[in-house]
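Presented below is the structure to which this report refers.
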Amino acid sequence: MNHILAVGLNMADIYVEEGRMYPGGNEVNVAVYAHRLGFNSGFLGVFGDDAMASCIRKVLKTEKVDLSRCRSRQGETGVAFVRLIENDRVFVGGNNGGVTGAYPISIQEEDIPYIESFDVVTTSRFGRMKVEEVIRLCEAGRPVAYDFSSEEPEMLPAIGVYLTYSFFSCENRNQAKTRLRQAYALGCPYNIATMGAQGAVLYDGRRWYFQEAVPVRVIDTMGAGDSFLTSFLLNHRQALGDGINHGDAITSALEKAARFAAETCQQKGASGYEFLYPSLDEVCKICNREEE
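Set out below in C-alpha coordinates:
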(Lines of atoms letter the chains of each structure in order from A; the text may use other names.)
(Lines give C-alpha, C1' and ligand atoms only; values in the text may rest on other atoms or scores of the structure.)
Protein backbone atom coordinates (compact mmCIF):
# COMPACT_ATOMS: atom_id res chain seq x y z
CA MET A 40 0.00 0.00 0.00
CA ASN A 41 1.05 3.60 -0.57
CA HIS A 42 1.62 5.43 2.67
CA ILE A 43 0.40 9.04 2.48
CA LEU A 44 -1.55 11.19 0.01
CA ALA A 45 -1.34 14.98 0.36
CA VAL A 46 -4.25 16.84 -1.26
CA GLY A 47 -4.04 20.59 -1.79
CA LEU A 48 -1.53 23.37 -2.26
CA ASN A 49 1.59 23.77 -4.35
CA MET A 50 3.27 27.16 -4.40
CA ALA A 51 6.55 29.06 -4.47
CA ASP A 52 7.93 30.74 -1.36
CA ILE A 53 9.78 33.86 -2.53
CA TYR A 54 12.37 35.16 -0.06
CA VAL A 55 12.37 38.87 -0.76
CA GLU A 56 15.77 39.93 0.60
CA GLU A 57 17.64 36.94 -0.77
CA GLY A 58 16.34 36.97 -4.32
CA ARG A 59 15.52 33.25 -4.13
CA MET A 60 12.40 31.15 -4.38
CA TYR A 61 11.76 27.75 -2.85
CA PRO A 62 9.11 25.19 -3.82
CA GLY A 63 6.51 24.84 -1.10
CA GLY A 64 2.89 24.63 -0.12
CA ASN A 65 1.71 22.53 2.80
CA GLU A 66 0.84 19.44 0.82
CA VAL A 67 3.92 19.56 -1.43
CA ASN A 68 6.01 19.74 1.73
CA VAL A 69 4.22 16.74 3.24
CA ALA A 70 4.74 14.64 0.11
CA VAL A 71 8.45 15.50 -0.06
CA TYR A 72 9.06 14.91 3.64
CA ALA A 73 7.33 11.54 3.48
CA HIS A 74 9.71 10.34 0.78
CA ARG A 75 12.70 11.54 2.79
CA LEU A 76 11.44 9.54 5.75
CA GLY A 77 11.36 6.42 3.59
CA PHE A 78 7.63 6.27 2.81
CA ASN A 79 5.72 6.27 -0.48
CA SER A 80 3.76 9.46 -1.10
CA GLY A 81 1.41 11.06 -3.59
CA PHE A 82 0.34 14.63 -4.25
CA LEU A 83 -3.08 15.56 -5.60
CA GLY A 84 -3.28 19.22 -6.56
CA VAL A 85 -3.67 21.77 -9.34
CA PHE A 86 -0.65 22.95 -11.33
CA GLY A 87 -0.48 26.20 -13.27
CA ASP A 88 1.15 26.65 -16.66
CA ASP A 89 4.07 28.89 -15.67
CA ALA A 90 7.76 28.29 -15.01
CA MET A 91 7.23 27.98 -11.27
CA ALA A 92 4.83 25.06 -11.79
CA SER A 93 7.49 23.31 -13.87
CA CYS A 94 10.03 23.80 -11.08
CA ILE A 95 7.69 22.32 -8.48
CA ARG A 96 6.84 19.34 -10.69
CA LYS A 97 10.54 18.71 -11.20
CA VAL A 98 11.19 18.72 -7.45
CA LEU A 99 8.31 16.32 -6.78
CA LYS A 100 9.46 13.94 -9.50
CA THR A 101 13.00 14.08 -8.11
CA GLU A 102 11.56 13.07 -4.73
CA LYS A 103 9.60 10.23 -6.41
CA VAL A 104 6.21 11.65 -5.43
CA ASP A 105 3.30 10.23 -7.43
CA LEU A 106 1.46 12.93 -9.43
CA SER A 107 -0.80 10.73 -11.52
CA ARG A 108 -4.10 12.33 -10.42
CA CYS A 109 -2.98 15.98 -10.50
CA ARG A 110 -4.86 18.58 -12.56
CA SER A 111 -3.45 21.32 -14.80
CA ARG A 112 -5.02 24.74 -15.31
CA GLN A 113 -4.15 27.85 -17.22
CA GLY A 114 -2.87 30.40 -14.75
CA GLU A 115 -0.12 31.22 -12.32
CA THR A 116 1.28 29.17 -9.48
CA GLY A 117 0.57 30.35 -5.96
CA VAL A 118 3.28 32.51 -4.44
CA ALA A 119 4.02 33.75 -0.93
CA PHE A 120 6.46 36.57 -0.28
CA VAL A 121 8.56 35.78 2.77
CA ARG A 122 10.88 37.68 5.08
CA LEU A 123 13.06 36.06 7.71
CA ILE A 124 12.82 37.93 11.01
CA GLU A 125 15.21 36.48 13.60
CA ASN A 126 15.21 33.27 11.53
CA ASP A 127 11.42 32.96 11.79
CA ARG A 128 9.57 33.01 8.48
CA VAL A 129 6.98 35.77 8.14
CA PHE A 130 4.58 35.92 5.18
CA VAL A 131 4.22 39.44 3.80
CA GLY A 132 2.07 38.94 0.69
CA GLY A 133 0.95 36.58 -2.04
CA ASN A 134 -1.63 35.82 -4.72
CA ASN A 135 -4.25 33.80 -2.81
CA GLY A 136 -2.85 30.44 -3.86
CA GLY A 137 -2.81 31.10 -7.61
CA VAL A 138 -4.54 28.29 -9.50
CA THR A 139 -5.15 26.40 -6.24
CA GLY A 140 -7.19 29.33 -4.96
CA ALA A 141 -9.04 29.70 -8.25
CA TYR A 142 -9.61 25.97 -8.87
CA PRO A 143 -9.39 24.06 -5.56
CA ILE A 144 -9.51 20.29 -5.81
CA SER A 145 -12.90 18.64 -6.09
CA ILE A 146 -13.02 14.88 -5.60
CA GLN A 147 -14.01 12.97 -8.75
CA GLU A 148 -15.26 9.39 -8.95
CA GLU A 149 -12.01 8.46 -10.70
CA ASP A 150 -10.07 9.73 -7.67
CA ILE A 151 -11.70 7.35 -5.18
CA PRO A 152 -9.72 4.16 -6.00
CA TYR A 153 -6.55 6.24 -5.94
CA ILE A 154 -7.37 7.72 -2.52
CA GLU A 155 -8.24 4.25 -1.23
CA SER A 156 -4.75 3.01 -2.14
CA PHE A 157 -3.15 5.15 0.61
CA ASP A 158 -2.91 4.41 4.32
CA VAL A 159 -3.59 8.02 5.37
CA VAL A 160 -4.62 11.25 3.62
CA THR A 161 -3.87 14.84 4.60
CA THR A 162 -5.06 18.27 3.54
CA SER A 163 -5.21 21.75 5.06
CA ARG A 164 -7.04 25.06 5.05
CA PHE A 165 -4.46 26.29 2.53
CA GLY A 166 -5.64 23.65 0.06
CA ARG A 167 -8.86 25.69 -0.03
CA MET A 168 -11.13 22.67 -0.50
CA LYS A 169 -14.81 23.33 0.13
CA VAL A 170 -16.48 21.68 3.12
CA GLU A 171 -18.37 19.21 0.96
CA GLU A 172 -15.16 18.18 -0.83
CA VAL A 173 -13.33 17.57 2.45
CA ILE A 174 -16.26 15.43 3.58
CA ARG A 175 -16.17 13.51 0.30
CA LEU A 176 -12.43 13.00 0.76
CA CYS A 177 -13.12 11.54 4.21
CA GLU A 178 -15.92 9.34 2.88
CA ALA A 179 -13.40 7.57 0.64
CA GLY A 180 -12.71 5.54 3.76
CA ARG A 181 -9.10 6.35 4.61
CA PRO A 182 -8.04 8.17 7.82
CA VAL A 183 -7.86 11.90 7.05
CA ALA A 184 -5.77 14.58 8.78
CA TYR A 185 -6.66 18.26 8.44
CA ASP A 186 -4.28 21.09 9.29
CA PHE A 187 -6.23 24.11 10.53
CA SER A 188 -2.99 26.09 11.03
CA SER A 189 -3.14 29.20 13.26
CA GLU A 190 -6.37 30.74 11.97
CA GLU A 191 -9.79 30.48 13.59
CA PRO A 192 -10.91 26.92 12.64
CA GLU A 193 -14.18 27.94 10.97
CA MET A 194 -14.59 24.60 9.17
CA LEU A 195 -14.03 22.49 12.29
CA PRO A 196 -17.72 22.20 13.34
CA ALA A 197 -18.63 20.95 9.85
CA ILE A 198 -15.80 18.47 9.30
CA GLY A 199 -14.53 17.51 12.77
CA VAL A 200 -16.67 14.39 13.03
CA TYR A 201 -15.21 13.04 9.77
CA LEU A 202 -11.54 13.52 10.70
CA THR A 203 -9.14 11.07 12.31
CA TYR A 204 -6.46 13.69 13.01
CA SER A 205 -6.73 17.44 13.53
CA PHE A 206 -3.68 19.71 13.64
CA PHE A 207 -3.44 23.28 14.92
CA SER A 208 -0.70 25.88 15.31
CA CYS A 209 -1.12 27.64 18.66
CA GLU A 210 0.63 30.35 20.65
CA ASN A 211 0.50 28.63 24.04
CA ARG A 212 -0.87 25.66 25.97
CA ASN A 213 -4.08 27.39 26.99
CA GLN A 214 -5.03 28.11 23.38
CA ALA A 215 -3.93 24.61 22.38
CA LYS A 216 -6.08 22.92 25.03
CA THR A 217 -9.13 24.92 23.97
CA ARG A 218 -8.69 23.92 20.31
CA LEU A 219 -7.99 20.27 21.06
CA ARG A 220 -10.92 19.87 23.43
CA GLN A 221 -13.20 21.40 20.81
CA ALA A 222 -11.97 19.04 18.10
CA TYR A 223 -12.29 15.98 20.33
CA ALA A 224 -15.83 16.96 21.37
CA LEU A 225 -16.79 16.97 17.69
CA GLY A 226 -15.59 13.39 17.28
CA CYS A 227 -11.97 13.61 16.08
CA PRO A 228 -9.92 11.02 18.03
CA TYR A 229 -6.39 12.44 17.64
CA ASN A 230 -5.88 16.18 18.08
CA ILE A 231 -2.46 17.82 17.95
CA ALA A 232 -1.22 21.37 18.44
CA THR A 233 2.28 22.61 17.69
CA MET A 234 3.55 25.65 19.60
CA GLY A 235 6.93 26.44 18.06
CA ALA A 236 9.70 26.48 20.66
CA GLN A 237 7.13 25.50 23.33
CA GLY A 238 6.78 22.07 21.77
CA ALA A 239 3.59 20.19 20.96
CA VAL A 240 0.62 18.62 22.70
CA LEU A 241 -1.81 15.84 21.74
CA TYR A 242 -5.24 15.13 23.24
CA ASP A 243 -7.09 11.86 22.68
CA GLY A 244 -9.94 12.41 25.15
CA ARG A 245 -8.21 10.38 27.84
CA ARG A 246 -4.98 12.20 28.55
CA TRP A 247 -2.68 14.98 27.43
CA TYR A 248 0.63 14.07 25.78
CA PHE A 249 3.25 16.83 25.90
CA GLN A 250 6.31 16.85 23.66
CA GLU A 251 9.20 19.27 24.11
CA ALA A 252 10.80 20.93 21.09
CA VAL A 253 14.28 19.68 20.21
CA PRO A 254 16.78 22.53 20.70
CA VAL A 255 18.76 23.33 17.55
CA ARG A 256 20.41 26.30 15.89
CA VAL A 257 17.50 27.55 13.79
CA ILE A 258 18.22 28.76 10.25
CA ASP A 259 14.65 28.96 8.94
CA THR A 260 11.34 27.75 10.44
CA MET A 261 9.66 27.29 7.05
CA GLY A 262 8.14 23.81 6.88
CA ALA A 263 8.61 22.98 10.57
CA GLY A 264 4.91 22.38 11.15
CA ASP A 265 4.50 20.36 7.96
CA SER A 266 7.47 18.17 8.82
CA PHE A 267 6.10 17.56 12.32
CA LEU A 268 2.70 16.60 10.88
CA THR A 269 4.22 14.28 8.28
CA SER A 270 6.51 12.45 10.66
CA PHE A 271 3.83 12.08 13.32
CA LEU A 272 1.21 10.71 10.94
CA LEU A 273 3.49 8.19 9.27
CA ASN A 274 5.14 6.94 12.44
CA HIS A 275 1.84 6.77 14.30
CA ARG A 276 0.19 4.77 11.51
CA GLN A 277 3.21 2.47 11.36
CA ALA A 278 3.22 1.94 15.12
CA LEU A 279 -0.47 1.06 15.16
CA GLY A 280 0.08 -1.37 12.29
CA ASP A 281 2.89 -3.00 14.24
CA GLY A 282 0.57 -3.59 17.18
CA ILE A 283 2.21 -1.09 19.54
CA ASN A 284 -0.17 -0.05 22.33
CA HIS A 285 -2.14 3.20 22.12
CA GLY A 286 -0.06 5.35 24.48
CA ASP A 287 3.35 4.17 23.32
CA ALA A 288 2.39 4.68 19.67
CA ILE A 289 1.53 8.31 20.40
CA THR A 290 4.59 9.00 22.54
CA SER A 291 7.00 7.48 20.03
CA ALA A 292 5.44 9.32 17.08
CA LEU A 293 5.57 12.66 18.92
CA GLU A 294 9.25 12.20 19.76
CA LYS A 295 10.16 11.34 16.16
CA ALA A 296 8.09 14.25 14.84
CA ALA A 297 9.88 16.72 17.11
CA ARG A 298 13.28 15.51 15.93
CA PHE A 299 12.32 15.70 12.28
CA ALA A 300 10.87 19.20 12.66
CA ALA A 301 14.14 20.29 14.27
CA GLU A 302 16.07 18.97 11.27
CA THR A 303 13.86 20.98 8.92
CA CYS A 304 14.63 24.18 10.84
CA GLN A 305 18.31 23.77 9.96
CA GLN A 306 17.88 24.39 6.21
CA LYS A 307 16.72 27.26 4.02
CA GLY A 308 13.23 26.89 2.61
CA ALA A 309 10.84 24.06 3.34
CA SER A 310 12.69 21.40 1.35
CA GLY A 311 16.08 22.95 0.65
CA TYR A 312 15.58 23.32 -3.12
CA GLU A 313 16.06 26.84 -4.42
CA PHE A 314 15.59 28.62 -7.73
CA LEU A 315 16.36 32.09 -9.01
CA TYR A 316 14.02 34.90 -8.07
CA PRO A 317 11.49 35.82 -10.79
CA SER A 318 11.98 39.09 -12.62
CA LEU A 319 10.94 42.35 -10.98
CA ASP A 320 8.24 42.78 -13.63
CA GLU A 321 6.67 39.44 -12.71
CA VAL A 322 6.73 40.28 -9.00
CA CYS A 323 5.05 43.63 -9.68
CA LYS A 324 2.32 41.92 -11.70
CA ILE A 325 1.63 39.54 -8.82
CA CYS A 326 1.51 42.40 -6.31
CA ASN A 327 -0.85 44.41 -8.50
CA ARG A 328 -3.24 41.47 -8.86
CA GLU A 329 -3.23 40.97 -5.09
CA GLU A 330 -4.34 44.60 -4.59
CA GLU A 331 -7.21 44.43 -7.12
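To convert a position in the sequence shown, counted from 1, into the working numbering, add 39. A virtual CB, placed ideally from N, CA and C, is assigned to each residue, including glycine. Predicted model, so just to flag it, every value in this text is computed and none were measured.
Check                                                                                                              : Outcome
Burial state of residue 152 (16 or more Cβ within 10 Å)                                                            : exposed
Residue 297 beta carbon less than 8 Å from that of residue 250                                                     : yes
Residue(s) in a DSSP beta bridge with residue 250                                                                  : 239
At least 3 beta-carbon pairs within less than 8 Å: the segment 61 to 70 vs the segment 170 to 183                  : no
Sub-8 Å separation of residue 137 and residue 115 beta-carbons                                                     : yes
Beta-carbon proximity list for residue 293, same chain, < 7 Å, skipping 5 on both sides                            : 239, 241, 248, 250, 271
Those residues which DSSP pairs with residue 52 across a bridge                                                    : 61, 119
Assigned secondary structure, residue 283 (DSSP; H/G/I helix, E/B strand, else coil)                               : coil
In DSSP terms, what residue 105 is bridged to                                                                      : 81
Residue range of the unbroken beta strand (DSSP E) whose run includes residue 204                                  : 204 to 208
Anticipated Cβ contact below 8 Å, residue 218 with residue 196, distance rounded                                   : Between residue 196 and residue 218 the Cβ distance is about 13 Å, and since that is not below 8 Å, they are no contact.
Residue 213 - containing alpha helix (DSSP H), residue span                                                        : 212 to 224
Status (buried if at least 16 other CB within 10 Å, exposed otherwise) for residue 276                             : buried
Whole-angstrom distance between residue 220 and residue 112, CA atom to CA atom                                    : 39 Å
Which residues DSSP lists as bridging residue 137, in chain order                                                  : 116
Paired residues, beta bridge with residue 132 - DSSP                                                               : 120
Residue 178 Cβ short of 7 Å to the ligand FMN heavy atom set                                                       : With respect to small molecules bound, the structure shown includes none, and the ligand FMN cannot be examined in it.
Whether residue 209 touches residue 232 by CB criterion (8 Å)                                                      : yes
Distance between residue 150 and residue 105 (C-alpha atoms, nearest Å)                                            : 13 Å
Residue 50 to residue 118 span [Cα, whole Å]                                                                       : 5 Å
Residue(s) in a DSSP beta bridge with residue 46                                                                   : 83
Outcome for residue 199 when other beta-carbon atoms lying within 10 angstroms are tallied against a minimum of 16 : buried
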